[in-house]
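Visitor:
In our numbering, the protein residues as written are 162 to 237.
(1) Starting from residue 209, trace the alpha helix (DSSP H) both ways and give me its first and last residue.
(2) So what's residue 168 in DSSP terms, helix, strand or just coil?
(3) Given that a residue counts as buried once 16 or more other Cβ atoms are within 10 Å of its Cβ, and exposed if not, what is residue 195?
(4) Assuming residue 207 and residue 183 are in contact, meaning their beta carbons sit under 8 angstroms apart, how far apart are those beta carbons, in whole angstroms?
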């Protein structure tokens, strides 16, 4: 549990925030359990922590896909 708590259940400073839309069912599920397990953590912080880890874990694949999409065509 402590790894989960340290990774995801911490408030993250958010200067320059923007609005992002989320599926209502998913929002309600997160709100229901987050209010119980970590009422001091905002939904925005929780989701930001999840997304930050997702990007960190997948940055090589994301970079490869980005380069594949925007690389000039190879001329033979």
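Every residue gets a Cβ at the ideal spot worked out from N, C-alpha and C, and that includes glycine.
Guide: Quick answer:
(1) The continuous alpha helix (DSSP H) containing residue 209 extends over residues 204 to 231.
(2) Three-state DSSP puts residue 168 in a helix.
(3) Buried: at least 16 other Cβ atoms inside 10 Å.
(4) Wrong, their Cβ atoms sit about 11 angstroms apart, outside the cutoff.
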